[in-house]
Amino acid sequence: AKDPSSSASEAESSTATSGNILVEVKDKMQIITLNRPNKRNALTLEMYDEIADVLESTGKDKNITLTVFTGSGSYYCSGNDLANFLNVDPADLSAMAVNGGKVLQRFVGSFIDHPRPLCAVINGPAVGITVTLLGLFDAVYATDKATFHTPFSLLGQSPEGCSSYVFPKLMGNKASEMLLFNKKLTAQEAFECNLVSEVYPDHAFQSEIWKKLAEIAQLPPNSLKTSKNLIRDAEREILHATNERECQLLVDRWQSEECAQAVMNFFQGK
Amino acid sequence: AKDPSSSASEAESSTATSGNILVEVKDKMQIITLNRPNKRNALTLEMYDEIADVLESTGKDKNITLTVFTGSGSYYCSGNDLANFLNVDPADLSAMAVNGGKVLQRFVGSFIDHPRPLCAVINGPAVGITVTLLGLFDAVYATDKATFHTPFSLLGQSPEGCSSYVFPKLMGNKASEMLLFNKKLTAQEAFECNLVSEVYPDHAFQSEIWKKLAEIAQLPPNSLKTSKNLIRDAEREILHATNERECQLLVDRWQSEECAQAVMNFFQGK
Amino acid sequence: AKDPSSSASEAESSTATSGNILVEVKDKMQIITLNRPNKRNALTLEMYDEIADVLESTGKDKNITLTVFTGSGSYYCSGNDLANFLNVDPADLSAMAVNGGKVLQRFVGSFIDHPRPLCAVINGPAVGITVTLLGLFDAVYATDKATFHTPFSLLGQSPEGCSSYVFPKLMGNKASEMLLFNKKLTAQEAFECNLVSEVYPDHAFQSEIWKKLAEIAQLPPNSLKTSKNLIRDAEREILHATNERECQLLVDRWQSEECAQAVMNFFQGK
Chain A
202 AKDPSSSASE
212 AESSTATSGN
222 ILVEVKDKMQ
232 IITLNRPNKR
242 NALTLEMYDE
252 IADVLESTGK
262 DKNITLTVFT
272 GSGSYYCSGN
282 DLANFLNVDP
292 ADLSAMAVNG
302 GKVLQRFVGS
312 FIDHPRPLCA
322 VINGPAVGIT
332 VTLLGLFDAV
342 YATDKATFHT
352 PFSLLGQSPE
362 GCSSYVFPKL
372 MGNKASEMLL
382 FNKKLTAQEA
392 FECNLVSEVY
402 PDHAFQSEIW
412 KKLAEIAQLP
422 PNSLKTSKNL
432 IRDAEREILH
442 ATNERECQLL
452 VDRWQSEECA
462 QAVMNFFQGK
Chain B
202 AKDPSSSASE
212 AESSTATSGN
222 ILVEVKDKMQ
232 IITLNRPNKR
242 NALTLEMYDE
252 IADVLESTGK
262 DKNITLTVFT
272 GSGSYYCSGN
282 DLANFLNVDP
292 ADLSAMAVNG
302 GKVLQRFVGS
312 FIDHPRPLCA
322 VINGPAVGIT
332 VTLLGLFDAV
342 YATDKATFHT
352 PFSLLGQSPE
362 GCSSYVFPKL
372 MGNKASEMLL
382 FNKKLTAQEA
392 FECNLVSEVY
402 PDHAFQSEIW
412 KKLAEIAQLP
422 PNSLKTSKNL
432 IRDAEREILH
442 ATNERECQLL
452 VDRWQSEECA
462 QAVMNFFQGK
Chain C
202 AKDPSSSASE
212 AESSTATSGN
222 ILVEVKDKMQ
232 IITLNRPNKR
242 NALTLEMYDE
252 IADVLESTGK
262 DKNITLTVFT
272 GSGSYYCSGN
282 DLANFLNVDP
292 ADLSAMAVNG
302 GKVLQRFVGS
312 FIDHPRPLCA
322 VINGPAVGIT
332 VTLLGLFDAV
342 YATDKATFHT
352 PFSLLGQSPE
362 GCSSYVFPKL
372 MGNKASEMLL
382 FNKKLTAQEA
392 FECNLVSEVY
402 PDHAFQSEIW
412 KKLAEIAQLP
422 PNSLKTSKNL
432 IRDAEREILH
442 ATNERECQLL
452 VDRWQSEECA
462 QAVMNFFQGK
């Protein structure tokens with residue numbers, strides 16, 4: 202197996218979308234890298250659409266066994282870019298909220314329906330939507346320096362990414378600590394909560410995890426795909442219904458006085 | 202934040218129902234205390250109704266963010282007061298069982314439908330119905346001296362509080378150890394089983410937990426309420442169906458020879 | 202309580218089916234022993250049917266409280282006997298696959314519908330179908346020398362035993378490590394994943410577990426039976442639907458080039 206940290210020129214293929222998302226195919230893996238390190242990989246509205254485009258369009262490529270997400274730099278992802286909420290003309294707020302809900306619902310839906318095993322390589326702190334989405338992955342590997350934080354109520358918002366359904370299933374009475382009460386989990390805590398599949402010491406993480414993934418990607422692809430979709434089919438309908446409901450509630454939340462006040466407090470460091 | 206252990210006169214409000222249940226509102230929390238310490242807070246039929254009354258009537262008070270349960274003295278609660286089963290005229294058994302089922306179903310239903318986040322402060326051993334109900338709470342905080350025991354089969358009975366549905370979801374193949382085989386869990390074991398959200402050293406429990414809850418109660422209330430009900434709505438129907446079925450089976454159990462014998466053995470210390 | 206390791210002559214009853222399955226009743230337990238130690242208790246097609254016969258026929262015996270599975274020798278079970286796949290005339294492959302699916306579906310269904318508490322005494326390594334089935338047991342007790350391995354994708358196959366539904370419920374994002382990526386769990390890991398109820402040191406396992414089971418078997422039988430079926434009824438329908446779907450997919454898998462190649466590689470030690 203090639204060293205996956207090798208230069209892009211060695212990759213079997215490489216697709217540029219915007220500079221904020223890197224997509225490359227090597228060793229039978231499609232690797233999607235969140236690549237906005239100076240903003241801790243915060244997601245712009247454009248990035249939501251680009252990621253959905255990739256997940257929807259390349260799912261049928263028979264040369265690919267696995268799809269893998271990771272982040273550039275020290276963060277995995279700091280979540281939704283709150284700049285998405287700034288400088289909105291009050292007259293445009295409603296339209297913006299409705300559009301945001303549509304973008305989010307399509308984005309989460311593309312994770313629900315991606316037909317191949319979906320793995321996350323969590324290279325550092327993960328926040329918000331990129332944490333809740335992990336419940337839709339098949340495997341989540343994390344450095345022991347990663348943290349997992351979903352501060353929805355601090356921002357006057359409510360959960361997405363199907364976490365309102367998946368997190369209570371994963372971790373029972375600990376789900377509200379994350380989804381309602383803003384508890385930040387360590388990688389070890391997230392492992393004990395069944396959100397993370399395996400934790401690695403940071404110094405060995407990059408070398409070990411890419412070697413492991415390259416091995417997994419050699420397994421019989423149709424067996425993997427059949428097994429993954431067998432598991433997903435059992436919940437596909439309820440996941441889509443949850444996604445729709447979560448997005449509806451967020452459209453309301455985004456237009457609420459409470460949310461406006463909380464986001465303003467956040468930017469003022471209160 | 203005020204010291205929640207301060208005298209009642211400092212509370213923002215205080216409602217007396219019977220002396221067996223204390224209800225007070227302070228720091229945006231509604232605190233319900235099981236207050237029958239000389240009986241280890243065992244629940245009389247009257248207490249079931251009083252608690253349901255409180256949960257149903259105060260759910261819409263906009264000055265309250267959280268509802269919190271705790272116990273007076275060294276126990277959280279020793280469960281259903283078995284004196285409820287004593288001195289029943291055989292001719293009245295059927296009517297008593299049917300009435301008990303109705304009281305229980307309404308009581309559990311008031312937990313399912315309570316619209317605000319529901320937290321438990323487990324100050325000592327918890328038994329029976331007050332353990333099974335914890336699966337319907339949003340967060341459960343326990344001293345490390347707490348224990349969790351549901352000795353249904355020892356008493357010839359069957360599970361309630363929606364535990365037949367919620368416990369297998371929380372703890373998988375460990376649920377039967379509790380619900381069928383009478384295993385008593387330590388606080389740490391209950392934490393590892395996702396029944397308890399956080400465990401505290403006993404000496405620090407009261408000071409730390411009330412401080413934490415007072416902070417949580419300052420979070421945006423509509424965000425918390427929306428998120429809590431989003432999570433609950435995903436299972437509300439199945440929880441009510443489970444509650445109904447569990448109560449039906451208990452009405453049968455209470456009239457069975459096996460249950461009569463088991464309760465008699467219990468009182469005779471066999 | 203008698204010593205359950207005592208000679209067969211002391212058992213209250215003993216039923217021979219084939220030599221590969223031992224069935225005996227003692228201390229109110231029906232004990233089913235996988236007894237093909239020279240093949241690590243691998244399951245032949247005949248054994249699937251014999252076990253289903255036992256589970257279906259003896260469920261109503263009122264003298265029995267518990268049904269217990271264990272293995273002879275150092276293995277619990279090495280899974281499906283791959284010899285079932287060997288020496289098949291290509292012209293017979295389709296008929297063999299369809300028949301195998303029927304045998305498997307009936308076998309798994311007999312675990313779903315067995316009316317008494319079902320306990321597993323895992324005396325050593327467990328592989329494949331005998332691991333996935335554990336999600337349908339009420340309690341799983343393991344020596345610390347046991348391991349749990351479901352190498353489906355290594356063999357080009359897909360999960361059965363309702364594991365595609367039950368395992369994600371038990372262990373969240375760790376399920377794919379087992380079901381897709383062939384991770385072998387230690388007994389302790391399986392305990393932390395809620396697949397195993399309790400782990401015992403190997404030197405004490407046989408003496409402690411049979412004593413515990415003999416005590417459990419003295420509990421009120423109708424209470425146990427009611428509680429067990431209350432829990433099962435909540436999922437009975439979805440379990441049967443999952444079983445049917447899993448078997449359909451396996452019938453396809455068994456006829457695939459990918460599976461033939463993977464099984465051949467296995468026998469050639471690749």
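Protein chains in written order, with this note's numbering: chain A, 202 to 471; chain B, 202 to 471; chain C, 202 to 471.
Here a beta-carbon is modelled for each residue, glycine too, at the ideal position from N, C-alpha and C.
Predicted, not measured: the structure shown is a model, and the values here were computed from it.
Could you check how far apart the C-beta atoms of residue i and residue j are, in whole angstroms? I think they sit under 8 Å.
i, j, result
"A/Gln462", "A/Gly357", "7 Å"
"B/Ala298", "B/Gln456", "5 Å"
"B/Thr259", "B/Cys363", "About 22 Å; that fails the 8 Å criterion."
"B/Gly280", "B/Leu244", "7 Å"
"B/Glu378", "C/Ala340", "6 Å"
"B/Phe312", "B/Leu256", "7 Å"
"C/Phe353", "A/Ser428", "6 Å"
"B/Leu156", "A/Gly373", "Outside the modelled stretch of chain B, which goes from 202 to 471, sits residue 156 of chain B, for which no answer is possible."
"A/Leu283", "A/Met230", "No, A/Leu283 and A/Met230 are not in contact; Cβ-Cβ is about 32 Å, not under 8 Å."
Under a three-way DSSP split, which group does residue i fall into?
i, result
"C/Leu414", "helix"
"B/Asn430", "helix"
"B/His181", "Outside the shown range of chain B, which is 202 to 471, sits residue 181 of chain B, and nothing can be said about it."
"A/Asp333", "In the sequence as presented, Asp is not what sits at residue 333 of chain A; that position holds Thr. Three-state DSSP puts A/Thr333 in a helix."
"A/Ser206", "Here A/Ser206 scores only 42 on pLDDT, less than 50, and its place in the model is too uncertain to base an answer on."
"B/Tyr342", "strand"
"B/Asn288", "coil"
"A/Thr443", "helix"
"B/Cys278", "strand"
"A/Cys460", "helix"
"B/Cys320", "strand"
"B/Phe353", "coil"
"C/Gly272", "strand"
"A/Ala296", "helix"
"A/Ala327", "strand"
"A/Phe468", "helix"
"C/Arg454", "helix"
Which residues in chain C sit within 7 Å of residue i, going by Cβ to Cβ distance?
i, result
"B/Tyr366", "Ala435"
"A/Leu425", "Ser354 and Leu381"
"A/Val397", "Asn374"
"B/Leu450", "Thr427 and Leu431"
Along chain A, in chain order, which residues have C-beta atoms closer than 7 Å to that of residue i?
i, result
"C/Leu246", "Under the 7 Å cutoff, chain A gives no residues; its nearest Cβ is about 22 Å from C/Leu246."
"B/Ile417", "Phe382"
"C/Pro518", "Since the first and last residues shown for chain C are 202 and 471, residue 518 of chain C lies out of range."
"B/Pro421", "Ser354, Gly357, Glu459 and Ala463"
Give me the chain C residues within the contact set of residue i, using Cβ-Cβ distance strictly less than 8 Å, ordered along the chain.
i, result
"A/Lys429", "Ser377 and Leu381"
Run through chain C and tell me which residues come within less than 9 Å of residue i, C-beta to C-beta.
i, result
"A/Lys370", "Pro369, Lys370 and Gly373"
Residues of chain B with a CB under 9 Å from the CB of residue i: which are they?
i, result
"A/Thr443", "Leu431 and Ala435"
"A/Glu447", "Leu431"
Can you list the residues of chain A that residue i reaches, using a CB-CB cut of under 9 Å?
i, result
"C/Arg454", "Asn423, Ser424 and Thr427"
Exercise. Using Cβ-Cβ distances below 7 Å, what residues of the segment 336 to 364 of chain A are close to chain C?
Worked result: Phe338, Asp339, Ala340 and Val341
Exercise. What are the start and end residues of each continuous alpha helix (DSSP H) run of 4 or more residues lying completely inside the segment 222 to 270 of chain A, in chain order?
Worked result: 246 to 258
Exercise. Which ranges does the alpha helix (DSSP H) cover as unbroken runs of at least 4 residues, wholly within the segment 374 to 398 of chain C, from first to last along the chain?
Worked result: 376 to 380 and 388 to 393
For this session: Return the residues of the segment 300 to 334 of chain A that lie within a Cβ-Cβ distance of less than 7 Å from chain C, sorted by chain order.
Result: Pro318
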